[in-house]
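**Q** Heads up, the sequence shown is in the numbering used here, so the first residue is 3 and it goes up one at a time.
Backbone N, C-alpha and C define an ideal beta-carbon position, used for all residues, glycine too.
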Amino acid sequence: MFTTYDLLDDVLTLRDMVDRFFDEVSTTRRRVDFPYVNVYEKDDDIIIRAIAPGVSSSDVNVQLADNTLTIEMTRKEDYADKPYLRKEREFGSYKKSIKLPYYVDPDKVEASMNNGILTIKLTKHESVKPRKITIN
């Protein structure tokens with residue numbers, strides 16, 4: 003015979019299972035999007051700014067190949083050996099590739115990290131810059 007307590011316990015257990023399932027699904031979706039980036043033009047440059055809170059510059063790898071910029075980073079867990087009371091920050095490795103709208107000069111790429119923001123400056127290749135044509 004079931005008691006009210008047994009039924010309530012079963013319902014709460016089921017609710018916890020559903021919550022965990024949807025937490026895992028939403029976590030997976032967020033990982034695909036990270037790192038979040040803004041890409042814009044400034045004069046002859048393409049500027050990419052990626053948020054990277056809690057990531058050291060030594061844990062970031064930036065590569066340029068076939069007119070695609072790839073950002074890889076690892077956010078290390080602060081307290082991996084201690085139990086969490088609440089855990090909302092994501093940890094692990096992340097990768098994002100960005101197809102560039104113009105060819106860039108691979109020798110003129112600069113990257114810096116400041117206050118959790120990765121800034122990458124790519125200078126447009128001479129062949130895509132506007133040129134003034136002299137009229138004879």
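Only counting the same chain, and skipping five residues up and downstream in sequence, which positions put a Cβ closer than 6 Å to that of Thr76?
**A** Contacts found: Asp61, Ser95.
**Q** Which residues does DSSP list as the beta-bridge partners of Asn40?
**A** Answer by DSSP bridge pairing, in chain order: Arg51.
**Q** Terminal residues of the continuous beta strand (DSSP E) containing Asp109?
**A** Note, Asp109: beta strand (DSSP E), 106-116.
**Q** State the start and end residues of the unbroken beta strand (DSSP E) segment that holds Thr136.
**A** Per DSSP, Thr136 belongs to no beta strand (DSSP E) and is neither H nor E.
**Q** Among the residues of its own chain, which have a CB less than 7 Å from the CB of Glu79, if the five just before and after it don't count?
**A** Same-chain partners within the cutoff: Phe93.
**Q** Leaving out five residues before and five after Tyr42 in sequence, what residues of the same chain have Cβ atoms less than 6 Å from its Cβ?
**A** If we look at Tyr42 and ignore the five residues flanking it on each side, its Cβ neighbours are Ile49.
**Q** Would you grab the beta carbon distance between Lys98 and Val57 for me? Rounded to a whole angstrom, and I think it's under 8 Å.
**A** With a Cβ gap of about 13 Å, Lys98 and Val57 do not count as contacting.
**Q** Can you give me the start and stop residues for the beta strand (DSSP E) that Lys84 sits inside?
**A** Run containing Lys84: none; DSSP gives neither H nor E here.
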